[in-house]
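Adding 13 to a residue's 1-based position in the sequence shown gives its number in my numbering.
Yeah, the Cβ is synthetic: ideal placement off N, Cα and C, and Gly gets one too.
All values derive from a computational prediction rather than experimental measurement.
Comments concern the structure below.
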Amino acid sequence: MYRIHVWKVLLGILPPHSDSHALVSRYRLEQFEDVSGALTAMRFIHASTPATELYLRMYQLESRQLPRRSELRPPVRSGEDDEDENFLAIGRAMEEIVDDPVDCYWLIRCFVNQFKLKFGDSIPHLPKSLEHFLSQEDAALLAHLKTSGALHSLPYCLWFRRCFAGCLPESSLQRVWDKVISGSCKILVFVAVEILLSYKIMLMGMSDPDGVYNFLSNLPQENTDAIVTKAIDLWHKHCGTPMHSV
Numbered sequence: 014m015y016r017i018h019v020w021k022v023l024l025g026i027l028p029p030h031s032d033s034h035a036l037v038s039r040y041r042l043e044q045f046e047d048v049s050g051a052l053t054a055m056r057f058i059h060a061s062t063p064a065t066e067l068y069l070r071m072y073q074l075e076s077r078q079l080p081r082r083s084e085l086r087p088p089v090r091s092g093e094d095d096e097d098e099n100f101l102a103i104g105r106a107m108e109e110i111v112d113d114p115v116d117c118y119w120l121i122r123c124f125v126n127q128f129k130l131k132f133g134d135s136i137p138h139l140p141k142s143l144e145h146f147l148s149q150e151d152a153a154l155l156a157h158l159k160t161s162g163a164l165h166s167l168p169y170c171l172w173f174r175r176c177f178a179g180c181l182p183e184s185s186l187q188r189v190w191d192k193v194i195s196g197s198c199k200i201l202v203f204v205a206v207e208i209l210l211s212y213k214i215m216l217m218g219m220s221d222p223d224g225v226y227n228f229l230s231n232l233p234q235e236n237t238d239a240i241v242t243k244a245i246d247l248w249h250k251h252c253g254t255p256m257h258s259v
């Protein structure tokens, strides 16, 4: 019930003291209107611009990274590591979780900023962490992924830079993001490990790295809640108390 409110406090969108919430919310609304109005005046956006593109352009303008209109690029291939596409993927997922566009923008913006600031140096090392923990949980599966060449072709961008946005349905995704927002990027590794363990039989029968990549990028959606529950258990097993799980 209070998830979105808690996220807003943890991400610094709202102050801890509830007495200031109404005032700060009004400031957030005014800033949203000012920035989106500026983009409209510059003809970067119009009435039919998708909300997630609006949020991206607002984010770029506020971070002084807005490209010239002549330099706007077409979308990259799905799954490719591109900062704009990563932002859009997280934005599309957040849009499914949050109804209010102002809240949605601020949550995307602050989630992306916090993730870069806190975990930017750790993200390149997460594939090695996955290999380490998978070796402890199922050495045979790890050996098969290495032998087939699939280990280096896993959808790491989707998992570790987009935080499973576009991979898990929102009901499961928000439980993972609870952990990320409250201070642990290691949870992403354990979700990835549990996905591999859950589909071990299928993966052991696949030897084509592209086939493995395509399957893991388009997971069946029916048992993801169970996967996330097991991943959280695995996270506690290997990392101990949440305080030390970063």
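| Query | Result |
| --- | --- |
| Between which two residues does the alpha helix (DSSP H) holding Tyr15 run? | First-last for Tyr15: undefined, no H or E at that position. |
| Taking the alpha-carbon positions, what's the Glu265 to Arg70 distance? | Lying before the first or after the last residue shown, residue 265 is absent from the chain, which here runs from 14 to 259. |
| Rounded to whole angstroms, what is the Cα-Cα separation between His42 and Leu36? | Residue 42 is actually Leu in this sequence, not His. Going by the C-alpha atoms only, they are around 10 Å apart. |
| Should Asp246 go down as buried or exposed, given a rule of 16 or more other Cβ atoms within 10 Å for buried? | exposed |
| When we look at the beta-carbon of Thr65 and count the other beta-carbons within 10 Å, is it buried (16 or more) or exposed? | buried |
| Count the other CB atoms, across all protein chains shown, that sit within 10 Å of the CB of Glu235; report buried if there are 16 or more and exposed otherwise. | exposed |
| Skipping 5 residues on each side, what residues in its chain have a beta carbon closer than 7 Å to that of Pro222? | Ser161, Gly162, Ala163 and Ser166 |
| Apart from the five residues on each side of it in sequence, which residues of its chain come closer than 7 Å, Cβ to Cβ, to Val115? | Arg41, Leu42 and Phe45 |
| Going by CA-CA distance only, name the one from Gln127, Pro29 and Leu27 that's closest to Trp190. | Gln127 |
| Give the secondary structure of Ala178 by DSSP, where H, G and I count as helix, E and B as strand, and everything else as coil. | strand |
| Where Glu98 and Phe57 are concerned, what is the direct C-alpha to C-alpha distance, given to the nearest angstrom? | 18 Å |
| Look at the alpha carbon of Cys176 and the alpha carbon of Tyr212, and state the distance between them as a whole number of angstroms. | 19 Å |
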